[in-house]
Each structure stands twice: as C-alpha cells, then as structure tokens.
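S.K.: Residue numbers (this note's numbering), protein chains in the order written: chain A, 1 to 200; chain B, 1001 to 1294. Even for Gly, the Cβ is constructed at its ideal location relative to N, Cα and C. Note that the coordinates shown come from a computational prediction; the quantities given were computed from them, not determined experimentally. Pasting a structure here, questions to come.
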Amino acid sequence: MSMIVARMVLVSLLLTGMLTSSGCGYNDLQGLDEDTKAAWSEVINQYQRRADLIPNLVNTVKGYAAHERETLESVVQARARATNVQITPEFLKDEAAFKKFQEAQQGLSGALGRLLALAEQYPNLKADQGFRDLQSQLEGTENRITVARKRYIEKVAEFNKMVRYFPTNLTAKFLLHLDEKANFTVADEKAVAKPPEVKF
Amino acid sequence: MRLCGRVRKAVLAGWVWLVLMPGLPALALDVPSLSGPVVDVAHVLPPATVEQLSQELRAHEAKTSNQVVVLIVPSLEGEPLFDFSHRVATTWKLGRKGTDNGVLLLVALKDRKVRLEVGYGLEGALTDARSAQIIRNEIVPRFRTGEFAAGITVGVRAVLSTIEGTYHVPERPTVSPSDSDRLGQVLLAVIVGVVIGLLFSRAHRVLGPVVGGGLSFVAAPWLVPALIAGGLSLLLVSLLGGWGLSVGPRRGRRTSGFDETWFSTQRGGWGSGDLSGSFGGGGDFGGGGASGDW
Chain A
1 MSMIVARMVL VSLLLTGMLT SSGCGYNDLQ GLDEDTKAAW SEVINQYQRR ADLIPNLVNT
61 VKGYAAHERE TLESVVQARA RATNVQITPE FLKDEAAFKK FQEAQQGLSG ALGRLLALAE
121 QYPNLKADQG FRDLQSQLEG TENRITVARK RYIEKVAEFN KMVRYFPTNL TAKFLLHLDE
181 KANFTVADEK AVAKPPEVKF
Chain B
1001 MRLCGRVRKA VLAGWVWLVL MPGLPALALD VPSLSGPVVD VAHVLPPATV EQLSQELRAH
1061 EAKTSNQVVV LIVPSLEGEP LFDFSHRVAT TWKLGRKGTD NGVLLLVALK DRKVRLEVGY
1121 GLEGALTDAR SAQIIRNEIV PRFRTGEFAA GITVGVRAVL STIEGTYHVP ERPTVSPSDS
1181 DRLGQVLLAV IVGVVIGLLF SRAHRVLGPV VGGGLSFVAA PWLVPALIAG GLSLLLVSLL
1241 GGWGLSVGPR RGRRTSGFDE TWFSTQRGGW GSGDLSGSFG GGGDFGGGGA SGDW
C-alpha cells in the first residue's frame, strides 16, 4: 500500500514538475536566447536601412554643393566602415566586436550630422522636395533605430538576468553553455541619443 | 496596552508606505486616457469639428480596422516629441494586435510641433516620406495661419485617403492565440489532475479529489483559469471516484456523495484574455512616421 502511494507521489510530482516549473529555466533560456537574436536582427536591419539611404542623400547634396568634397567624402567613408563590420552569429558573445560595431555606427551618425548641418547653408538644397523627403526618411530611420535598440537592450537585460539568477544560472552554464550577451553601454546611449539634427 | 499596539501598527503601516513610495514611477507627462478617436486635451477644436472627425475616424475603423487617433496636448513638458509620441502610441496600443495598423496624429501646441506616428502595419502605405509630405503641405501651412481645426481636418483626411484600401477586414473573426492557448492549457491541467486524482482515490477517498484539484490548480494559468481548473478536477474526481470509476483495480465501494445540481452549477466562461482597454486593439509601433513644426 505505501509502495503504491509512494509511486503515485513520485509520478504526480514528476508530472507537476513538467507542467508547472519551466524545468529550472531551460525553456525560458532558450526562448529568451531566440528573442534576443530576433531583437538584434531588428537593430541590424534598421542600421542597414540607414546605410541604404546614404548614397541617395550624398547624390542629392552633390547636386547643390558639389564642392563640399571633404564632408561628402567623410560620409561615404563612414558608411563603408559601418557596413564592413562582419556580423556573425557569434557576434553577441564577442564584446570587442560589438564595441567596434557601435563605434562604426557612431562614426556614421557623426558624419551624417555634419552633412545635414552643412545642408543648412544651401537654401536651394533645403527647398528641394527630394532632399526633404530624404531627410524625413532619415529621421524615421533614426527613430526606428532608437526603438530597435531600446527593445534589444530590454530583451538582453532579461536574458542576462536569467543567466545570472539562481537556479537558472546552473542550467545556463552546465546544460546550455549560454553566457551573458553584449549590450549597448550608457555612454553610447548618450551619444546616440542625439540623432543628426533635421531642423530648418 | 491596547493603544500601544494600535500605535505600533500605525507606525509600521507608515513605514511600509514610505518604503513603497519610491517605487512609484515619476512620468514626465501622463498619457491621457483614450476617450475617443479625437482626444483634445488642449480644447482647441470646436465641438462640431471633434464630432465630425470622430465620425469619420470611426467609420474608417469600421471599414478597415485601422485605428487613427488625433491627440492635441497643450505642451510636451520638456519631453522630446518622438519619445512622447511613441510612448502614447504604445500605451494606447492603436491598431489590431499582430496587424499593427494604428496611426497617431499628435499636436503639441506650445512646442509648435506635430507628428504622425505610424504603426508597423501601415508603414508601407503611410511611408515616412508621405507622412512628411502631409505634414509639410497640408497641416503646417494651415497651422502657421492659426487654422488648427482646418489643418487637423485636412491632415486627417489626407492620412485616411493615403492608407485607404490598404488593409481589408478578414471575413471571419479569428480567435486570438491567447484565448485558445489558455483553453488548451486549462483542459490539459484538468485531464492530468483528474487522472492523478483518480489514481490517488484508490488509496484514499478524500486525498484523491484534493490532489487532483491541487494539481490542476497548479498546472493551469494563474488565477481564474487555475481556480476553474482546480474546482473542476476536484469535482470530477469526487464524482468519478464516488461512482466507482478509478484508475487501477476496483475498490468495491459505491456511493455518489454529490448532487447533480452542484455539478450543473459549475458552468462559466474561461474569462477572456487580458485585452487592453475598450478602444486600443493591441497594435505596436516601430518608430515610423514623420514630424514637423510650424
């Protein structure tokens, strides 16, 4: 009789464990890992979108201010540098590569800002409808980058917390071999928080 | 002595409150409540305009399920335009969940800024460039001469006609994933609870239903579905166990123990999922749209 009860207790405990607990975070960790990858893809997407807008922008400005060679050149070069960074799946685990990526993007933001500030001095350029559309597209992309980064930061924080909390840290370390992922630092946030000015 | 105890309780309550106080978030500017398609906090539009626009926007929503909302605030109170606009749009969750077909037209009077915040689903039709054109060509010129009602009306109509025909309401309303997921989880919890409970019923009459109910309660999603699942399992195990049904060799006792009436009163819905307010449909915003100032 007691053997039967003991067996039943064991069976029901097992079932409860399977249904309720997430198995010490196994599924949660996997889910969050995928979520962070998706969030990161979105960030890359938006940065790429910005990079794609630049050739058009450079050509439009050239039409009105061709002699501003240095500024135009620096934008083209900054863009090349930003798109040259290789994004591999291992990227998020590599702090150094992540930092390089951020710096490249910041460089592009800076160059863009200077170009747009320059455009202020050319009233004909400012009045050009094509240029104004490009400006609005750039602004939209910068906003999208902001949103994508914010969501990535939140997701990575969630993931990193789970990797560090007990007992899920055991699952992460020994079962899944998952480690903390790289995240944007506060210093970068302040720098990126000032997108290229789009004022008239 | 009694007074001492009461005073101590009051002091403790005060401390608890003080400790919890810092946890309250300090928002720059509260997101106004979504009272309708036109939320004029600054009271700059005449009632007739508000009524007319609300009608047009509601009709558009009925036809296409897109949610376009106008918000006019007196001031941004120092918060950047995009931050506030995105915050309001994602709090109100304009547009249908998954389709993300919402648009927010925000006007900040003191800051002299206007913004169109476009949801993911409408970015294809209401692109950044088109949003900027609407603001630049329709809204701002009228705002510069102080014609707010005209500017907003024309802007709204331009937005509607730009997106008209992009999204069509599906013929049959689809069950949202959250509802059907919940249902499945509750059913599974009940089944497992009943099976295990019947197992236990062999050993002990009372323990069976309790274990079954408890297991279902724990396995189902918190809180209402869990209560329902637990109650249902408890009942089923008691009934089935009482009628002699059990998993394993028979016990031989045959008593029903519970009324038919009690069983029939255990009816009731699952409780629908946590849908947001009466108007916002759960849509999301990615930062698309355009701004302008006058």
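Around the C-beta of I1163 of chain B, are 16 or more other C-beta atoms found within 10 angstroms, so that it is buried, or is it exposed?
M.R.: buried
S.K.: Going by the beta-carbon positions, is the gap between R114 of chain A and T171 of chain A smaller than 8 Å?
M.R.: no
S.K.: So, are the CB atoms of R1096 of chain B and G1288 of chain B less than 8 Å apart?
M.R.: no
S.K.: Along chain A, in chain order, which residues have C-beta atoms closer than 8 Å to that of L1199 of chain B?
M.R.: M8, V11, S12
S.K.: Using a Cβ distance threshold of 8 Å, determine whether the region 1093-1112 of chain B contacts the region 1192-1204 of chain B, with at least three qualifying pairs required.
M.R.: no
S.K.: Is it buried or exposed for S1075 of chain B, if we count other Cβ within 10 angstroms and need 16 for buried?
M.R.: exposed
S.K.: Are the C-beta atoms of F1217 of chain B and some chain A residue less than 8 Å apart?
M.R.: no
S.K.: Note down the Cα distance separating V1070 of chain B from L1106 of chain B, rounded to an integer number of angstroms.
M.R.: Whole-angstrom Cα-Cα distance: 6 Å.
S.K.: Whole angstroms are fine: how far does the CA of T1091 of chain B sit from the CA of L203 of chain A?
M.R.: What is shown of chain A runs 1 to 200, which leaves residue 203 of chain A out entirely.
S.K.: Tell me where the beta strand (DSSP E) around R1115 of chain B begins and ends.
M.R.: 1113-1119
S.K.: Nearest to D35 of chain A by alpha carbon, out of A:T168, A:R7, A:V156, A:L175?
M.R.: A:V156
S.K.: Just mark E165 of chain A as buried or exposed, buried being the case when its beta carbon has 16 or more other beta carbons within 10 Å.
M.R.: Correcting the residue identity first, residue 165 of chain A is Tyr in this sequence and not Glu. Counting Cβ neighbours within 10 Å, Y165 of chain A comes out exposed, since fewer than 16 surround it.
S.K.: Could you check the C-alpha separation between V1073 of chain B and D1040 of chain B for me, to the nearest Å?
M.R.: 7 Å
S.K.: Could you work out which residues of chain A lie near F1082 of chain B, taking near to mean beta carbons separated by less than 8 Å?
M.R.: N143, T146
S.K.: According to DSSP, is V1107 of chain B helix, strand or coil?
M.R.: strand
S.K.: How is the alpha helix (DSSP H) around D33 of chain A delimited, first residue to last?
M.R.: 26-65
S.K.: Does G1124 of chain B pass the burial test, meaning 16 or more other C-beta atoms within 10 Å, or should it be called exposed?
M.R.: exposed
S.K.: Mapping DSSP to helix, strand and coil, what is Y1167 of chain B?
M.R.: Annotation note: pLDDT 38 at Y1167 of chain B (below 50); position unreliable, coordinate value reported separately. The answer is coil: DSSP assigns Y1167 of chain B none of H, G, I, E or B.
S.K.: Using a C-beta to C-beta distance shorter than 9 Å, which residues of chain B count as neighbours of R132 of chain A?
M.R.: Within chain B, the residues placing a beta-carbon under 9 Å from that of R132 of chain A are A1129, A1132, Q1133, R1136, ordered along the chain.
S.K.: Any Cβ of chain B within less than 8 Å of the Cβ of E180 of chain A?
M.R.: no
S.K.: Would you call the CB atoms of V1044 of chain B and F1148 of chain B closer than 8 Å?
M.R.: yes
S.K.: Are the CB atoms of G1213 of chain B and G1231 of chain B nearer to each other than 8 Å?
M.R.: yes
S.K.: If distances are taken between C-alpha atoms only, which option among B:V1210, B:I1134, B:Q1067, B:A1132 comes closest to T1099 of chain B?
M.R.: B:Q1067
S.K.: By how many angstroms is the C-alpha of G1151 of chain B removed from the C-alpha of P1046 of chain B?
M.R.: 13 Å
S.K.: For V43 of chain A, tell me which candidate among A:L178, A:K161, A:Q105, A:D128 has the shortest Cα-Cα distance.
M.R.: A:Q105
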